[in-house]
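Novice: Protein chains in written order, with this note's numbering: chain A, 18 to 308; chain B, 99 to 255.
Dropping a structure here in structure tokens format, bear with me for questions.
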Amino acid sequence: MFVKPFDYARVSSLSEAAELLRDDERFAKIIAGGQSLLPMMGLGLLDVDVVVDVAPIPELSAISQQTDSVRIGAMVRHRELEYSSVIRASAPLLSTAVKYVGSPRVRNRGTLGGTIAHCDPSAEVPLVMNVLEASYDVSNGESTRTIPAREFAVSMYTSQLEDDEILLGASIPTLNGDTWGWGFQEVARKAGDFALVAGASLVRCQDGVIAEARLSLSSVAERPLRCASVEQAVLEQPPSALERIVPAVLPGDVEPRADQGMSAEYRGRLAATVALRAMRDACRRSEPLSK
Amino acid sequence: MSTKLAIRFTLNGEVRELTVDSSDLLLNVIRDQEGLTGTKYGCGIGECGACTVHIDGQPALSCLRLAASADGSEVTTIEGLAHEGGLDPVQEAFLDNGGVQCGFCTPGMIMMSKALLQERDEPAADDVREFLKGHLCRCTGYVGIVRAVVSAAAKER
């Protein structure tokens with residue numbers, strides 16, 4: 018039930034949407050799937066004067082394979098991502114991570130653009146976009162610009178979008194699936210809960226050692242965190258060395274705080290376990306012989 | 099400020115033309131305006147599954163859907179399952195397998211189970227548990243519910 022009644026506007030163009038967002042008289046928010054927005058409004062955490070339904074806008078709904086990347090429109094539902102063979106082939110990390118978003122009902126409605134724009138620090142999709150080094154196209158109805166995923170979130174629930182900017186979609190550079198492996202781990206208290214910690218990793222092994230590594234963690238900072246120290250420390254190491262390196266080096270990247278009945282120390286240990294498992298899985302998938 | 103909007107959608111096979119408030123949830127409209135109280139308000143934030151209906155053939159949370167955005171859609175509630183005066187086989191299975199105690203979670207569980215059986219012919223118990231993730235039951239411990247869905251699938255074959 019809503020603390021304050023609000024208006025509903027259904028628009029069929031970006032410029033219509035941007036105009037409503039620019040209106041100083043009324044605070045407008047884009048509603049995509051509504052699976053994050055409506056709970057926040059219902060809990061009284063957000064007062065909105067008008068929700069702007071962008072579902073009819075045609076350019077927001079496609080998944081398309083480009084030469085070196087895959088492009089996903091902002092209104093693509095999580096369910097479509099989950100079942101998409103194009104995504105499974107080009108970005109299996111995303112296919113897997115999206116299964117952890119909410120529940121099947123939430124995924125029927127929630128969208129890629131919505132979860133990215135929402136900037137929840139524990140969210141799975143922004144996390145994998147960060148480690149995949151995706152980029153986002155945004156428009157204010159007149160001009161567009163491109164924002165790297167890792168710069169998009171400024172802090173909790175805050176992106177660098179201007180008031181009248183709308184996320185159009187994401188481009189994910191395709192990695193060579195023969196050499197790069199991926200790993201995803203999440204710990205949550207119950208199914209569908211927000212992640213206590215989630216980790217996404219991409220590793221390229223060569224000649225039995227780690228040649229390139231990426232690791233990002235959710236829920237340990239106000240936005241997804243690339244763990245640069247760990248990424249450096251594992252280079253030229255065999256996967257078997259991860260067990261020793263990750264817990265030792267991760268505290269250099271991660272400074273967890275205590276919250277919601279979890280001590281900082283416990284979250285730190287959870288982060289190390291999640292990071293280690295994600296990286297180990299990525300190594301395993303990268304080793305050519307185990308394919 | 100909210101406004102009144104005219105919407106038109108199909109509810110359990112019947113075309114409905116209604117005036118709703120722009121901030122009405124589909125759940126409110128189903129229960130309060132249409133009087134179909136089988137769909138329950140459990141948590142209001144999408145975490146319990148008790149408000150589950152089918153919208154355009156897919157299970158969805160009616161507490162996280164604005165009525166205004168359901169304009170043009172086909173909505174099915176638990177009341178739409180029974181036919182010719184008899185119960186749906188999934189409903190029968192819940193009764194036969196101890197899947198109902200207080201009944202509050204039951205409509206949502208059944209609507210979701212129907213969706214599962216549309217997707218899968220032979221769900222194993224683990225598949226059922228996976229699909230019913232996010233549906234909370236405070237009474238049964240889920241065992242009877244899972245048994246009911248597996249049994250309903252077997253009967254359907």
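Backbone N, C-alpha and C define an ideal beta-carbon position, used for all residues, glycine too.
Out of curiosity, what's the CA-to-CA distance linking Asp40 of chain A and Val291 of chain A?
Specialist: Position 23 of the first sequence, counted from the first residue, corresponds to residue 40 of chain A. Position 274 of the first sequence, counted from the first residue, corresponds to residue 291 of chain A. Straight-line Cα distance between these residues: approximately 44 Å.
Novice: Between Glu143 of chain B and chain A, is there a C-beta pair that is closer than 9 Å?
Specialist: For this step, residue 143 of chain B is matched to residue 45 along the second sequence. For clarity, residue 143 of chain B is Ile in the given sequence; the question names Glu instead. Closer than 9 Å: yes.
Novice: Measure the beta-carbon distance from Ile176 of chain B to Gly136 of chain B and round it to whole angstroms, keeping in mind my assumption that it falls under 8 Å.
Specialist: Residue 176 of chain B sits at position 78 when you count from the first residue of the second sequence. Residue 136 of chain B sits at position 38 when you count from the first residue of the second sequence. About 4 Å separates the two Cβ atoms, so the contact holds.
Novice: Kindly indicate which residue of B:His233, B:Asp169, B:Glu217 has the alpha-carbon position closest to the one of Asp119 of chain A.
Specialist: Numbered from 1 along the first sequence, position 102 holds the residue referred to as residue 119 of chain A. Contrary to the premise, residue 119 of chain A reads as Gly rather than Asp in this sequence. The residue with the shortest Cα to Cα distance from Gly119 of chain A is B:His233.
Novice: For a contact meaning CB atoms closer than 7 Å, what does Ala252 of chain B contact in chain A?
Specialist: The sequence position of residue 252 of chain B within the second sequence is 154, counting from 1. In chain order: nothing, as chain A lies at least about 22 Å away.
Novice: Identify the contact partners of Pro157 of chain B in chain A, using a Cβ-Cβ distance below 7 Å as the criterion.
Specialist: One-based indexing of the second sequence puts residue 157 of chain B at position 59. Correct list: Pro121, Arg122, Asn125.
Novice: So, with DSSP's three-state summary, where would you put Lys308 of chain A?
Specialist: Along the first sequence, one-based indexing puts residue 308 of chain A at 291. Here the model assigns Lys308 of chain A a pLDDT of 43, short of 50, so the residue's position is not dependable and the matter cannot be decided.
Novice: Would you please state the rounded distance, in angstroms, between the beta carbons of Glu203 of chain A and Glu150 of chain A? I believe it to be under 8 Å.
Specialist: Here residue 203 of chain A refers to the residue found at position 186 of the first sequence. Here residue 150 of chain A refers to the residue found at position 133 of the first sequence. 20 Å between Cβ atoms; not a contact.
Novice: If we ignore side chains and look at the alpha-carbon of each, how far apart do Leu259 of chain A and Ala250 of chain A end up?
Specialist: Sequence index remark: in the first sequence, residue 259 of chain A carries index 242 (1-based). Sequence index remark: in the first sequence, residue 250 of chain A carries index 233 (1-based). A straight-line Cα-Cα distance of about 9 Å links Leu259 of chain A and Ala250 of chain A.
Novice: Take the Cβ of Met209 of chain B as the centre, count every other Cβ of all protein chains shown within 10 Å, and call the residue buried at 16 or more, exposed below.
Specialist: Locating residue 209 of chain B in the second sequence gives position 111, counting from the first residue. Answer is buried; the Cβ neighbour count reaches 16.
Novice: Have a look at A:Arg94, A:Gly158, A:Val220, A:Ile47 and flag the residue whose alpha-carbon is nearest the alpha-carbon of Gly194 of chain A.
Specialist: By 1-based counting over the first sequence, the position of residue 194 of chain A is 177. Ranking the options by Cα distance to Gly194 of chain A, first place goes to A:Val220.
Novice: Look at the alpha carbon of Leu163 of chain B and the alpha carbon of Gly225 of chain A, and state the distance between them as a whole number of angstroms.
Specialist: On the second sequence, position 65 is the one that residue 163 of chain B refers to. On the first sequence, position 208 is the one that residue 225 of chain A refers to. Position check: residue 163 of chain B holds Arg in this sequence, whereas Leu was assumed. Answer to the nearest angstrom: the Cα atoms are 51 Å apart.
Novice: Can you check whether the CB of Ser172 of chain A is closer than 9 Å to the CB of Glu239 of chain A?
Specialist: To locate residue 239 of chain A, count along the first sequence from 1; it is residue 222. To locate residue 172 of chain A, count along the first sequence from 1; it is residue 155. Their beta carbons are under 9 Å apart, which means Glu239 of chain A touches Ser172 of chain A by this criterion.
Novice: Nearest to Cys237 of chain B by alpha carbon, out of B:Thr204, B:Pro157, B:Met99, B:Leu179?
Specialist: What you label residue 237 of chain B is simply residue 139 of the second sequence in a count that begins at 1. Residue B:Thr204 holds the alpha-carbon nearest to the alpha-carbon of Cys237 of chain B among B:Thr204, B:Pro157, B:Met99, B:Leu179.
Novice: Nearest-angstrom Cα distance between Met99 of chain B and Val69 of chain A?
Specialist: As a first step, residue 99 of chain B is located in the second sequence; it is residue number 1 there, counting from the start. As a first step, residue 69 of chain A is located in the first sequence; it is residue number 52 there, counting from the start. Roughly 14 Å separates the two Cα atoms.
Novice: Name the chain A residues that come within less than 8 Å of Ala166 of chain B, Cβ to Cβ?
Specialist: Numbered from 1 along the second sequence, position 68 holds the residue referred to as residue 166 of chain B. Within chain A, the residues near Ala166 of chain B are Tyr25, Arg27, Asp70.
Novice: What does the alpha-carbon distance come out to for the pair Phe44 of chain A and Thr108 of chain B?
Specialist: Counting from 1 along the first sequence, the entry for residue 44 of chain A is found at position 27. Counting from 1 along the second sequence, the entry for residue 108 of chain B is found at position 10. Those two C-alpha atoms are separated by around 32 Å.
Novice: Check whether chain B comes within 9 Å of Phe19 of chain A, counting only Cβ atoms and requiring the distance to be less than that.
Specialist: Position 2 of the first sequence, counted from the start, is the residue given in the question as residue 19 of chain A. Yes, contact with chain B.
Novice: Using a 10 Å radius around the Cβ and a threshold of 16 neighbouring Cβ atoms, would you call Arg245 of chain B buried or exposed?
Specialist: In the second sequence, residue 245 of chain B corresponds to position 147, counting from 1. Flag for Arg245 of chain B reads buried.
Novice: Helix or strand or just coil, what does DSSP make of Ala148 of chain B?
Specialist: What you label residue 148 of chain B is simply residue 50 of the second sequence in a count that begins at 1. Coil, per DSSP.
Novice: Lys21 of chain A: buried (16+ other C-beta within 10 angstroms of its C-beta) or exposed?
Specialist: The residue you call residue 21 of chain A lines up with position 4 of the first sequence. Taking all protein chains in view, the Cβ of Lys21 of chain A is surrounded by fewer than 16 other Cβ atoms within 10 Å, so the residue is classified as exposed.
Novice: Taking Thr101 of chain B as the reference, give the member of B:Gly111, B:Asn110, B:Asp122, B:Glu112 with the closest Cα.
Specialist: One-based indexing of the second sequence puts residue 101 of chain B at position 3. Ranking B:Gly111, B:Asn110, B:Asp122, B:Glu112 by Cα distance to Thr101 of chain B puts B:Asp122 first.
Novice: For the putative contact between Ser167 of chain B and Cys149 of chain B, defined by C-beta atoms under 8 Å, what is the C-beta separation to the nearest angstrom?
Specialist: Counting from one through the second sequence, the residue named residue 167 of chain B turns up at place 69. Counting from one through the second sequence, the residue named residue 149 of chain B turns up at place 51. The Cβ separation is near 15 Å, so there is no contact.
Novice: Which bits of chain B does Glu208 of chain A rub up against, with CB to CB less than 8 Å?
Specialist: The count along the first sequence starts at 1 and reaches residue 208 of chain A at position 191. Before going further, note that residue 208 of chain A is Ala rather than Glu in the sequence given. Under the 8 Å cutoff, chain B gives Lys231, Gly232.
Novice: Any beta carbon from chain A within less than 9 Å of Cys161 of chain B's own beta carbon?
Specialist: As a first step, residue 161 of chain B must be located in the second sequence, where it is residue number 63. For Cys161 of chain B, the answer is yes, since a Cβ of chain A falls inside 9 Å of its Cβ.
Novice: What in chain B is Cβ-close to Gln52 of chain A, meaning under 7 Å?
Specialist: For the purposes of this step, residue 52 of chain A is taken as residue 35 along the first sequence, with counting starting at 1. Within chain B, the residues near Gln52 of chain A are Gly144, Leu162.
Novice: So, is the C-beta of Leu149 of chain A closer than 9 Å to a C-beta in chain B?
Specialist: Taking the first residue of the first sequence as 1, we reach residue 149 of chain A at position 132. It does not: the Cβ of Leu149 of chain A has no partner Cβ on chain B nearer than 9 Å.
Novice: Of all Cβ atoms in chain A, is any one closer than 9 Å to the Cβ of Asp119 of chain B?
Specialist: Counting from one through the second sequence, the residue named residue 119 of chain B turns up at place 21. Cβ-Cβ to chain A under 9 Å: yes for Asp119 of chain B.
Novice: What are the boundary residues of the alpha helix (DSSP H) that Lys46 of chain A is part of?
Specialist: Taking the first sequence and counting its residues from 1, one reaches residue 46 of chain A at position 29. Element bounds for Lys46 of chain A: not the alpha helix (DSSP H) but the beta strand (DSSP E), 45–48.
Novice: So what's Ala217 of chain A in DSSP terms, helix, strand or just coil?
Specialist: Along the first sequence, one-based indexing puts residue 217 of chain A at 200. Residue state, collapsed to three classes: strand.
Novice: Using three-state DSSP, classify Met99 of chain B as helix, strand or coil.
Specialist: Translated into positions along the second sequence, residue 99 of chain B becomes position 1. Coil at Met99 of chain B, not helix or strand.
Novice: When the Cα atoms are used, what is the spatial distance from Arg294 of chain A to Gly200 of chain A?
Specialist: What you label residue 294 of chain A is simply residue 277 of the first sequence in a count that begins at 1. What you label residue 200 of chain A is simply residue 183 of the first sequence in a count that begins at 1. Rounded to the nearest angstrom, the two C-alpha atoms are 8 Å apart.
Novice: Alpha carbons only, please: which of A:Ser101, A:Glu304, A:Gln52 is nearest the one belonging to Ala158 of chain B?
Specialist: For the purposes of this step, residue 158 of chain B is taken as the residue at position 60 of the second sequence. The shortest C-alpha separation from Ala158 of chain B is found at A:Gln52.
Novice: Along chain A, which residues have their Cβ under 8 Å away from the Cβ of Leu103 of chain B?
Specialist: For the purposes of this step, residue 103 of chain B is taken as residue 5 along the second sequence, with counting starting at 1. Those within 8 Å of Leu103 of chain B in chain A are Tyr25.
Novice: Can you check whether the C-beta of Thr150 of chain B is within less than 9 Å of a C-beta belonging to chain A?
Specialist: Here the question's residue 150 of chain B lines up with position 52 in the second sequence. It does; some Cβ of chain A falls within 9 Å.
Novice: Is any beta-carbon of chain A found at less than 9 Å from that of Ala191 of chain B?
Specialist: Along the second sequence, read from residue 1 onward, the residue named residue 191 of chain B stands at position 93. By this cut-off, Ala191 of chain B is not an interface position.
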